[in-house]
Amino acid sequence: MPIYTSIDRIDAIEKVKGKALYAGDYSMDGMVFAVLVRSQRPHAKIKSIRIDKALELHGVIKILSHGDIPGNPFFGVIKKDQPLLAKDIVRYIGEPILIVIAESEKKAREAAKLIDIEYEDMEIITDPYKSMGSSTLIHEKGNLLSHRKVIKGDVEKGFKESDVVIERQYKTTWLDHAYLETEAGFGYPDDKGRIVVVSSTQNVHYKRKEISRILNIPEEKVRIIQATTGGGFGGKLDLTVEGYIGLAVYHTKRPVLMRYTREESFLSNTKRHPLYINYKTGATKDGKIKAIKVDIIGDTGPYISYGETVCLRAAIHATGPYEIPNVHVDSRMFYTNNPISGAMRGFGVPQIAFAHESQMDLMANEIKIDPLQIRFLNGLRRGSLTATSQLLEASVGYLDTLKAIEPYWIGRIKKDGRGFGLGSMFYGMGNTGISNPSYGILSISEDGKILLYTGACEIGQGSDTVFVQILCETLEIDRNDILLIRADTDFTKDAGSTSASRQTYISGRAVYNAAVEMRKFLENEGFYKNRDLKSIVKKYRDKGFPVFEGFFDPPTTPLDPNTSKGVPYATYAYATHMTEVEVDTITGYTNVIKVHAAHDVGKAINVNNIKGQIYGGIAMGIGFALMEEFIPGKTLSFDNYYIPTSMDMPEIETFILEDEEPTGPFGAKGVGEPALIPQAASIINAIADATGVRVYELPCDIERLKGRL
Amino acid sequence: MKKKQKERLIKLNINNKEYSVLVEDRDTLLEVLRDKLMLTGTKDACGMGECGACTVLLNGKPVLSCIILALEARGKKINTIEGLTEEGTLTDLQKAFIEYGAIQCGYCTPGMLMSATALLNTKIEPTRDEIKKAIEGNICRCTGYNKIIDAIEAVRDRRVKDKNDR
């Protein structure tokens, strides 16, 4: 049976042959190339722009500016605040100002270098603390983007009931998604005069809406198709190349290719938010946590992107996977002239997990209780109330993750220079406190194939394969009987974005619901009594093939604006990682030796895919903990942005636990972000165990650790 | 005024086929493969020789095609991802990458496969550490590498076994 086993990825053969078409692989007769001219200043008025030399260059076709945008010149996932092309003011280094279109990519880049822009520098806001008191406003409405609170119980009372109170400050920095494929897209006018964009993306339907607004043409005049996508991790949720390609096709009526260089990708993609976290924990001497007070300050850069989402999600997850009776969290995001921070795998939760898991170990150490024991004592379970006072009724496998790790934790043998650390997390599936539905549509083709139309973008995480497995299981058919039509706005309904670990859970359930309807039909038609699909479909040739639509929207409630009370997520994933490290006390080098990773995934639909997510999450967590740091104005290549290589990887043992989620397909939840979230915290706790030195700022790279040893 | 770059017709041997192609002196092998010969299986991810996505084989050795000139590849045997599959049959490494789940987004996969192919062609029984070392220059952001290493190890073991059985 296909579920609970690991069928091979359905896109694997094309990928190993080098035949899978990524956006930058497309070409068409008459194709032209578009590149962006970007701001070299973090905050400045544009005084003048001279393009004459560039226009004289042979092969240059057009140079487009703010004034060439026929519709709304602003875009944004949550609010339309980001100029597609800067008009009078630039607010970060790398902000797009002009589009140069030429017959070749080389020519376009050459021309871009010939453009002279004169700036008048303005005061630069370089961190959120400067931002909050500054009279220099990045936007007229002020420098505070968002302030969210999570309030439960009475924290003052909670701290009074505590025997020990621990308060520490934590800081994280900018991270880059560093997907191997940089942002890329290919657009063309079709024979009906519509604008088609094929791009590397995590959400086609949202991007169609944006292009329609930007060009002031109806949505049906725009078609977005997802190309094979070389990684996303949140960075391809925002509009990237698509708006520029749409505008270039609109003005040239020719096919247009645009792809960012690695330098452009570093300059322009939204970063993981640097968070400054003040975390105060109170507990009784027997290890019960009575209260937490958490103050989160975030650097969101000059535009919103997903800043509000990260602000709220970090606050809701500030407790970690623990039931704490008294909670007060203030989470604020401030505008700066640093890179735009936005969505990156975990939306603020990896940062806050670093803080809450450090606090757990500090507390355990202070009251002399085992770190696993204190987690067990406070861990969420059935019947627990979260910080938003949500009653957890089903699929609460946190304690199971601890139980899975327990034998290895108890049996650990500490060698010289080595140490062990735990990291735990919980993570809400899907968008926060808002409707985020998905659809799956099934039909049968004339030649007897089951057609699945899904709007969900496959970005490497494996959703295509999961949907095929769900169909195989529900309909009792072979994978070769299924044709999957994916993420094309002409053929699929909006599945929401591939983010928030939501596609297996939400789109998977929608596909399952469609399959249940189709199964009833097939039963009536005698499919399960040996009638084949081809003959079944024959009689529908005249009246139209049957179509089955599945829908799922996880049950959530809006949150109280003052306390965040409510049901932000229908369900949560849970995980615990135990990490062993070896620290060279002379060089400050940390070697991650082994990770035991336990995850409650609800139900494992593809074990191999889940392990792949966990391994990849651990790699990213190692980067977050030990080496990755984007430095504005400095980081332009992999030369000074280190991401883990094969040499940095530990041995990994996974424990896949299944506390079934009643609303998920076969009980499944998501694992994409949970795989990453606890990893950095467990490394930092292991370093503290190995060296006695606790680090409060990430990355804990060689220089930083050496300085502390 | 910049002088127009001189173009010249050169011959390249790619996957045992002769190609004649007009190149400028400054064209990298990657640009010629992707943009002039439409062999887009080889990927461009950094353009500076830092990530391994553009790895091809030159006389059997893995090289970064984004930092060598097409002119330098004249008279040498070039192998790209498109040449691995002969008449539709996947190599043992390609099959193992699928079987072991060594692929996610797939963008590093062509370069990774070329590095692994070169390793196992030159070394019969590399250790796990030697395998890790051989793909150290190939960055992957999705998989965490372990399944890629497992896949290469599995092929090594099968090949050794086949040889011993013979």
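In the order they appear, the protein sequences are chains X and L. Sequential numbering from 550 applies to the first sequence in the working numbering. Sequential numbering from 447 applies to the second sequence in the working numbering. Heads up, the beta-carbon is just placed ideally off N, CA and C, and yes, glycines get one too.
I want to see whether chain X comes within less than 8 Å of ALA492 of chain L, judged by CB atoms only; does it? Contrary to the premise, residue 492 of chain L reads as Cys rather than Ala in this sequence. So, interface residue.
For LEU1001 of chain X, count neighbouring Cβ atoms within 10 angstroms of its own Cβ and tell me buried if that reaches 16, exposed if not. buried
Where THR1047 of chain X meets chain L, residues with beta-carbon distance less than 8 Å: Chain L residues near THR1047 of chain X: none, gap ~12 Å exceeds 8 Å.
Compute the Euclidean distance between the alpha carbons of ALA1224 of chain X and VAL1242 of chain X, then round it to the nearest angstrom. Going by the C-alpha atoms only, they are around 26 Å apart.
Report all residues from its chain with a CB closer than 7 Å to the CB of MET550 of chain X; omit the five preceding and five following residues, and keep chain order. Caution applies to MET550 of chain X, whose pLDDT of 46 falls short of 50 and renders its modelled position unreliable; the value that the coordinates give is listed next. Once the five neighbours on either side are set aside, the close Cβ partners of MET550 of chain X are GLU1022.
Would you tell me roughly how many angstroms separate the C-alpha atoms of PRO645 of chain X and ASP676 of chain X, rounded to the nearest one? In a straight line, the C-alpha of PRO645 of chain X is about 22 Å away from that of ASP676 of chain X.
Tell me, which residues are paired with VAL876 of chain X by DSSP? Paired residue(s): X:LYS701, X:ILE841.
Which of helix, strand or coil DSSP assigns to ASP1037 of chain X: strand
Could you pull out every unbroken beta strand (DSSP E) segment of at least 3 residues lying fully inside the region 492 to 542 of chain L, listed in chain order? Contiguous beta strand (DSSP E) elements confined to the region 492 to 542 of chain L occur at 501 to 504, 507 to 510, 523 to 525, taking only those with 3 or more residues.
8 Å Cβ cutoff, GLY1009 of chain X in contact with chain L: yes
Spatial neighbours of GLU1210 of chain X within its chain, please: C-beta separation below 6 Å, excluding the five flanking residues on both sides. SER944, THR1120, GLY1151, GLY1216, LYS1218
By how many angstroms is the C-alpha of GLY850 of chain X removed from the C-alpha of ASP670 of chain X? Approximately 17 Å, taken between the alpha carbons.
Using a Cβ cut-off of 9 Å, pull out every chain C residue sitting near LYS593 of chain L, in sequence order please. Of the protein chains in this structure, namely X and L, none is chain C.
Pair within 8 Å by beta-carbon distance, MET1127 of chain X and TYR957 of chain X: yes
In chain order, what residues of the region 1072 to 1092 of chain X put their CB closer than 8 Å to some CB of chain L? none
Counting pairs of beta carbons, one from the region 585 to 593 of chain X and one from the region 637 to 652 of chain X, are three or more of them closer than 8 Å? yes
Nonlocal neighbours in the same chain, by C-beta distance under 8 Å from SER1186 of chain X, ignoring five residues either side: ARG811, GLU812, PHE815
Quick one: residues in its chain with C-beta nearer than 6 Å to the C-beta of TYR668 of chain X, no 5 flanking neighbours on either side, listed in chain order? ARG590, ALA593
Who pairs with THR1139 of chain X in a beta bridge, going by DSSP? Partner(s): X:VAL1132.
Selection from X:PHE623, X:ILE700, X:TYR678, X:LYS611 that minimises the alpha carbon distance to LYS656 of chain X: X:LYS611
Leaving out five residues on either side along the sequence, give the residues of the same chain with a beta carbon under 6 Å from the beta carbon of MET447 of chain L. Low local confidence applies: a pLDDT of 42 at MET447 of chain L is under 50, so the model's placement there is unreliable, and no value is given.
Measure the C-alpha to C-alpha separation of ILE763 of chain X and TYR799 of chain X and round it to an integer number of angstroms. 11 Å
Neighbour list for ALA499 of chain L in chain X, Cβ cutoff strictly below 7 Å: Residues of chain X passing the Cβ test: LEU729.
Output the distance between the C-alpha atoms of ILE1019 of chain X and ASP665 of chain X, rounded to the nearest integer angstrom. Their Cα atoms are separated by approximately 56 Å.
Helix, strand or coil at MET1169 of chain X [DSSP, three-state]: Note: MET1169 of chain X maps to helix in three-state DSSP.
Excluding the five sequence neighbours on either side, which residues of its own chain have a C-beta within less than 7 Å of the C-beta of THR1184 of chain X, listed in chain order? PHE815, TYR1190
Determine which residues share a DSSP beta bridge with ASN827 of chain X and list them. ASN827 of chain X is bridged to X:GLN718, X:ASP844.
Candidates X:ILE715, X:TYR976, X:ASN1157, X:PRO1095: closest to SER1012 of chain X by CA position: X:ASN1157
State the start and end residues of the unbroken beta strand (DSSP E) segment that holds ILE499 of chain X. Any question about residue 499 of chain X goes unanswered here, given that chain X covers just 550 to 1258.
If I follow the unbroken beta strand (DSSP E) through ASN459 of chain L, where does it start and stop? 453 to 460
Less than 8 Å between the C-beta atoms of PRO1117 of chain X and ILE865 of chain X, yes or no? yes
Would you mind stating whether GLY734 of chain X and VAL753 of chain X have Cβ atoms separated by less than 8 Å? The beta carbons of GLY734 of chain X and VAL753 of chain X sit no closer together than 8 Å.
Can you tell which of X:PRO888, X:SER854, X:GLU1202 has its C-alpha closest to the C-alpha of THR722 of chain X? X:PRO888
So ASP574 of chain X contacts chain L; which residues on that side make the cut at Cβ distance below 7 Å? THR486
Interfacial residues, the region 556 to 572 of chain X to chain L, with Cβ spacing under 9 Å: ASP557, ARG558, ASP560, ALA561, ILE562, GLU563, LYS564, VAL565, LYS566, GLY567, LYS568, ALA569, LEU570, TYR571
From this set, L:GLY552, L:ILE595, L:MET560, which residue's C-alpha is nearest THR573 of chain L's C-alpha? Nearest option by C-alpha distance: L:ILE595.
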